[in-house]
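Structure first, commentary second.
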Amino acid sequence: MVNSVEFAKRIEKILSYYGISATAFALALDFNRSTISHIISGRNKPSLEFVMKVVHTYDEVELYWLLNGKGSLPPTETSTKNISEEKNEIFPQKQQNEVLSPLRTPKTTPNTAAKIDRIVIFYKDGSFKEYLP
């Protein structure tokens, strides 16, 4: 469970680090200004969509730091190492592989009769390029 007060402090730290206002932050994340205000005040808890947009929009913000306060902004090599060690304590190596295995792309054998319909490449800025054979 995310502590709303501590989470709000980390959001304020992000605003300070990047030197932006809450309004600019809301625009960058494509959220209403009121949503940001409610999160900073502790009235509302952040949604998963909000958290993921913060992490994807601001490269220096690490998910683990944003949610738990472990590490630093910007991340340092030491804080990243400490976080990795802490994760290993929570999920021993065997369990980590089991947890991550569903995320890996399954190996498939190519079907020689299958034809490529199209290839789509998605970019981080939301744009994409489609290639047709």
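Just add 5 to wherever you are in the sequence shown, counting from 1, and you've got the numbering used here. All residues carry an ideal CB built from backbone N, CA and C; glycine is no exception. All of these numbers come straight from a predicted model, not from anything done at the bench.
Cβ neighbour criterion (16 or more within 10 Å) applied to residue i
{"i": "PHE12", "result": "buried"}
{"i": "LEU105", "result": "Caution is warranted here: a pLDDT of 46 is assigned to LEU105, below 50, making its placement in the model unreliable, and the coordinate value is therefore given only provisionally. Burial call: exposed."}
{"i": "VAL59", "result": "buried"}
{"i": "ILE126", "result": "exposed"}
{"i": "TYR128", "result": "exposed"}
{"i": "GLU135", "result": "exposed"}
{"i": "ARG48", "result": "exposed"}
{"i": "PRO138", "result": "exposed"}
{"i": "ILE16", "result": "buried"}
{"i": "GLU65", "result": "exposed"}
{"i": "PHE30", "result": "buried"}
The beta strand (DSSP E) enclosing residue i, as first and last residue numbers
{"i": "TYR4", "result": "Absent from the structure is residue 4, since the part of the chain shown begins at 6 and ends at 138."}
Endpoints, the alpha helix (DSSP H) within which residue i is located
{"i": "PHE12", "result": "9-23"}
{"i": "ILE121", "result": "Per DSSP, ILE121 belongs to no alpha helix (DSSP H) and is neither H nor E."}
{"i": "ASN37", "result": "Element bounds for ASN37: n/a, residue is neither H nor E."}
{"i": "ASN73", "result": "68-73"}
Assigned secondary structure, residue i (DSSP; H/G/I helix, E/B strand, else coil)
{"i": "TYR63", "result": "coil"}
{"i": "LYS50", "result": "coil"}
Whole-Å CB distance - residue i paired with residue j, under 8 Å assumed
{"i": "LEU72", "j": "LYS18", "result": "Wrong, their Cβ atoms sit about 14 Å apart, outside the cutoff."}
Review point. So does the region 47-56 actually touch the region 21-33, counting three or more Cβ pairs closer than 8 Å?
Key: no
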